[in-house]
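Novice: One point on numbering: in full-length UniProt numbering, the residue at position 494 of the sequence shown is 494, and numbering is uninterrupted. Every residue gets a Cβ at the ideal spot worked out from N, C-alpha and C, and that includes glycine.
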Amino acid sequence: MGQSGLVATVLSSCPGRARALLCARFRSAPFPDCRPVPGVPVLAAEPPVSRARSRRSSVRSRVLGVAATALAITALTAGSGAAAPVTAPAAGDGAPGQGDPYFPLAGNGGYTVRHYDLDLAYDPSTRRLDGHAAITARATHGLRAFDLDLSGLRVTGVRVDGRTAHWTRHGQELVIEPARTLRRGAAFRVDVAYGGVPEQVTDPDGSPDGWIATDDGAFVAGEPQGAMSWFPSDNHPLDKASYSFEITVPSGYTAVANGVLTSRRTSRGETTFRWRQSRPMASYLATATVGKFDVQQYTTRSGIPVYNAVDPREAKGAAPALAKIPDILDWETKLFGPYPFSAAGAIVDHAPDVGYALETQTRPIYDRAPDVGTVVHEMAHQWFGDSVSLTSWQDIWLNEGFATYAEWLWQEQHGGRSAQASFDHYYALPASDGLWAFPSADPGDGAHIFASPVYTRGAMTLQELRDAVGDRAFLTILRTWARDHRYGHGTTAQFVALSERVSGKDLATLFHTWLYTAGKPARP
């Protein structure tokens, strides 16, 4: 098949009804989300585009131990695409991190989460958030203590399986000691009551992340660490769970989360929105965005319910791209296989200081009116990044390179330049350009995971793969990757192995050159 034929989500101050409910519960450019990186120049050829983490005395040593372990992991697994789990430093204590080499304290050890039930109340006039998180989990070994990730907000109480638990705060770590040791394999429930004015997280690249207050609500986007700014979680993509949200806001505001809207009720000047995301979701993909939105709801020809929430100031600019959502869904389904979720849509906010979009699961969030290419990119992430998730942040090219390549294919199939022409355009950039600053699968640290080598060089890698194996095998590789890792995780090593198995070719040199070798690759 030729190129032109390639088909391709302090209780005391909690308002009204929400207060009663919470208290009762507790008692029982070419890169839509690419962010600028210090020291790595933006591509010269095009302007930057918005882009689309008595044991109290031992906690410091535990944290330092995890950081040291992560450094060792970086040295031992550089280029492998796999993350090694952190071993809990003391028997019966869950580790305060998943061992990610770029974000050592992201996530936690000793348990896996099954479900998050988040009950939130937000007042845009005071910017206060009050919350109750009911977290259902399973212990992976016996636990005398375990951590959740939560930054800034004041905790007012913690229970484990209905019993009051001892807890302490150490930076982003909420360290919890249950009244009874949790047995290995035991299911358990943690209830955390908390509140305050959320503090947005500043990422290693300097960009804002998490719960970001706006002039009419909040823009909520969590990649890579921001989920901890608004709810306690196991904040790493390795631990995915289902979610339910109950969000209470003053009447006249809309609260938008992931998945399907199951109910909306107004009483005594407040409106409560209930959302449910039944498919597994990484914490950074959760949202609970609040604003004065215009809402549009419909069902596509293929039966997918679409919910769009648009700030009126962005409505005119957003309309052309949002109108394409059904076509984009159908086209990407032909490319990648069945759409992995039961709902779709968009949140278009007016948040000019944010500077990026994010593929929040089922319903990407945009800081301003997006163009069609940006919507194509963020919708492609529903397969690559949301359904098939990272094992380590080092492997983020598996998200961003794939979504960028989807943009190239859309252009190719809709009257624009071919993917090969896009490749050639970027390959013409000089060796001194920021595109060649580091290889796609080895950004080096968390400050560089949203830079152009991850996005564009990642997409260029896929074009080289397509050239090497042919269109039919290439499309089979994409579909098989999305199918075999659906609702799970993947690594670069697994993708390389799949590509070789499907194509029957030795692709070691291609992938080593484009994913792990510094500098501009030579071409025959």
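Alpha helix (DSSP H) containing H377: first to last residue?
Specialist: Its alpha helix (DSSP H) spans residues 372 to 380.
Novice: For S440, which of helix, strand or coil comes out of DSSP?
Specialist: DSSP places S440 in coil when its eight states are reduced to three.
Novice: When the Cβ atoms of the stretch 131 to 146 are set against those of the stretch 187 to 194, are three or more pairs found closer than 8 Å?
Specialist: Cβ pair count under 8 Å is three or more, so yes.
Novice: Would a C-beta distance cut-off of 9 Å place G337 and K292 closer than the cut-off?
Specialist: Not closer than 9 Å, so no.
Novice: Taking C-alpha atoms, which residue in Q411, A428, Y455 lies nearest to F438?
Specialist: The residue with the shortest Cα to Cα distance from F438 is Y455.
Novice: How about N235 and G107: are their beta carbons less than 9 Å apart?
Specialist: Going by C-beta atoms, N235 is nearer than 9 Å to G107.
Novice: Tell me the rounded alpha-carbon separation between E246 and D100.
Specialist: In a straight line, the C-alpha of E246 is about 31 Å away from that of D100.
Novice: If contact is defined by three or more beta carbon pairs under 8 Å, each pair taking one atom from either stretch, is the stretch 406 to 418 in contact with the stretch 322 to 337?
Specialist: Short answer: they touch.
Novice: Are the beta-carbon atoms of L150 and Y111 separated by less than 9 Å?
Specialist: No, Cβ-Cβ distance for L150 and Y111 is not below 9 Å.
Novice: Thinking G490 and T391 are a contact (beta carbons under 8 Å), I'd like their distance in whole angstroms, please.
Specialist: Yes, they are in contact, since the Cβ atoms of G490 and T391 sit about 7 Å apart, within 8 Å.
Novice: With three or more beta-carbon pairs closer than 8 Å as the criterion, would you say the stretch 298 to 317 touches the stretch 276 to 288?
Specialist: Taking 8 Å as the limit for Cβ pairs, the verdict is that the stretch 276 to 288 does not touch the stretch 298 to 317.
Novice: Going straight from the alpha carbon of D442 to that of A286, what length do you get?
Specialist: Near 26 Å, if we compare the C-alpha coordinates of A286 and D442.
Novice: Assign A83 to one of two classes, buried (16 or more other C-beta atoms within 10 Å of its C-beta) or exposed (fewer than that).
Specialist: Unreliable positioning characterises A83 in this predicted model, as indicated by a pLDDT of 36, which lies under 50. The coordinate reading is nonetheless provided below. The residue is buried, with at least 16 neighbouring Cβ atoms inside 10 Å.
Novice: How would you call G206, buried or exposed, if buried means at least 16 neighbouring beta carbons within 10 angstroms?
Specialist: G206 is exposed by the Cβ-count criterion.
Novice: May I have the straight-line CA-CA distance separating G401 from T140, to the nearest angstrom?
Specialist: Those two C-alpha atoms are separated by around 33 Å.
Novice: Mind checking which residues open and close the alpha helix (DSSP H) that includes E412?
Specialist: Where E412 is concerned, the enclosing alpha helix (DSSP H) stretches over 397 to 413.
Novice: Report the rounded CA-to-CA distance for Y356 versus A318, giving the unit in angstroms.
Specialist: Cα to Cα, the separation comes out at about 15 Å.
Novice: Starting from S267, follow its DSSP beta bridges and name the residues at the other end.
Specialist: S267 pairs with E270.
Novice: Would you say D130 and T214 are within 9 Å of each other, going by their C-beta atoms?
Specialist: Contact flag unset, no.
Novice: Would DSSP call T360 helix, strand or coil?
Specialist: Three-state result, T360: coil.
Novice: Is the CB-CB distance between V290 and G217 below 9 Å?
Specialist: A contact, by the Cβ cut-off of 9 Å.
Novice: Cα-Cα, which of F146, L118, L398 is closest to G97?
Specialist: Closest option to G97, Cα to Cα, is F146.
Novice: Ends of the beta strand (DSSP E) at Q297?
Specialist: It spans 294 to 299 - the beta strand (DSSP E) in which Q297 sits, taken as one unbroken run.
Novice: Could you tell me the distance, in whole angstroms, from the CA atom of P204 to the CA atom of R268?
Specialist: One C-alpha to the other measures close to 43 Å.
Novice: Straight-line CA distance for L123 to L465?
Specialist: One detail in the question is off: residue 123 reads as Asp in this sequence, not Leu. So the alpha carbons of these two residues sit roughly 50 Å apart.
Novice: Check G131 in the structure and name its three-state DSSP category.
Specialist: Three-state DSSP puts G131 in a strand.
Novice: Considering only DSSP beta bridges, list what P250 is partnered with.
Specialist: The partner list for P250 (beta bridge, DSSP) reads E270.
Novice: For a test of the three-state rule: what should DSSP assign to R159, helix, strand or coil?
Specialist: In this structure, R159 counts as strand in the three-state DSSP scheme.
Novice: Judging by CA-CA distance, which residue of A227, Q463, Y116, V388 is the nearest neighbour of A241?
Specialist: Closest by alpha carbon: Y116.
Novice: What's the call for Y339, buried or exposed, on a 16-neighbour Cβ count within 10 Å?
Specialist: The residue in question, Y339, is buried, as its Cβ has 16 or more Cβ neighbours within 10 Å.
Novice: Tell me F245's beta-bridge partners as DSSP assigns them.
Specialist: The partner list for F245 (beta bridge, DSSP) reads L118, W275.
Novice: Tell me the residue span of the alpha helix (DSSP H) that contains Y284.
Specialist: Y284 -> no alpha helix (DSSP H), and no H or E assigned at all.
Novice: Closest Cβ-Cβ distance between Y405 and chain B: below 9 Å?
Specialist: This model lacks chain B altogether; it includes just one protein chain.
Novice: What do you get for H132, buried or exposed, if any count of 16 or more other CB atoms within 10 angstroms of its CB means buried?
Specialist: Counting Cβ neighbours within 10 Å, H132 comes out buried, since at least 16 surround it.
Novice: Can you grab the Cα-Cα spacing for the pair E332 / R159, in whole Å?
Specialist: So the two alpha carbons sit approximately 44 Å from each other.
Novice: Go to A447, then tell me how far its alpha helix (DSSP H) extends in each direction, as first and last residue.
Specialist: Taken as a continuous stretch (DSSP letters only), A447 belongs to no alpha helix (DSSP H), as it is neither H nor E.
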